[in-house]
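In terms of full-length UniProt numbering, the sequence shown opens at residue 1 and continues consecutively. Don't be surprised by glycine CBs; every beta carbon is placed ideally from N, CA and C. This report concerns only the one structure given below.
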Amino acid sequence: MKGDLFASEFMVQAAVAPGMSVQNAKSIRYVIDGEMLARQGAMIAYRGNLQFERKGQGVGGMLKRAVTGEGLALMKVRGQGEAWFAQEAQNVFVVDIEPGDVFTVNGRNVLCFDATLSYDIKTVKGAGISGGGLFNSVFTGHGKLGLVCEGNPLVLPVSPQQPVYVDTDAIVGWTANLRTSLHRSQSLGSMIRGGSGEAVQLMLEGEGFVVVRPSEATPQKPQQH
């Protein structure tokens, strides 16, 4: 077969190392020898002897369910082989988490991660209102975390002198040592008269980084089973 489709830039080459790597701008490759975790429905191809568990069982007897405003479930993948993961052609990124790091990320942006990482589901402090991004996964330990983002993310430094205000529907995640609280940018009277719509943001203070996607809302799609 010949043609642009079979160009070397599209052809999958033999793996050179185990674990997670970026296959291209839209997909992550994971060479598995043991187990890892991924977003349910995110596997687009695999080869080898792999098993996918969608039920809520995993290491320690329970596979935690990560919940956002739309809902997100995880699956465990184990065996020997390789798998590719993607989500609606969004851009993919890999974050290296080392001992002592704490990375809080919106569940909708989680694609896959090493089983060596620990995670917990927490409500964002100060965000006691309905809306996106208020339940987040907090990752610690040592390993790689694969993320998806609509478009190229913005990584904004946060300092004690310059807090950052983020739309709750646009936030992807943030590093340790940042404090969160709600910030109202206009009065209720202004909203009634017809304001900008940017009424409430999440304020992040301290020292670290916040990651933001260039999109405020994800269209609701039918749930697939």
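Two segments are said to touch when three or more pairs of C-beta atoms, one from each, lie closer than 8 Å; by this definition the stretch 197-213 touches the stretch 158-170. By alpha-carbon distance to LEU145, the top candidate from THR180, PRO160, VAL12 and ARG29 is ARG29. According to the DSSP assignment, GLN201 belongs to the beta strand (DSSP E) that extends over 200-206. DSSP places ASP169 in the coil class of the three-state scheme, outside both helix and strand.
Nearest neighbour of LYS76 by Cα position, chosen from ASP4, ARG108, THR116 and VAL102, turns out to be THR116. Assignment of ASP4 by DSSP, reduced to helix, strand and coil, places it in the helix class. For PRO157, the uninterrupted beta strand (DSSP E) segment begins and ends at 154-158. ARG54 carries a coil assignment under DSSP once its states are collapsed to helix, strand and coil. Between the alpha carbons of PHE103 and PHE139 lies a distance of about 5 Å.
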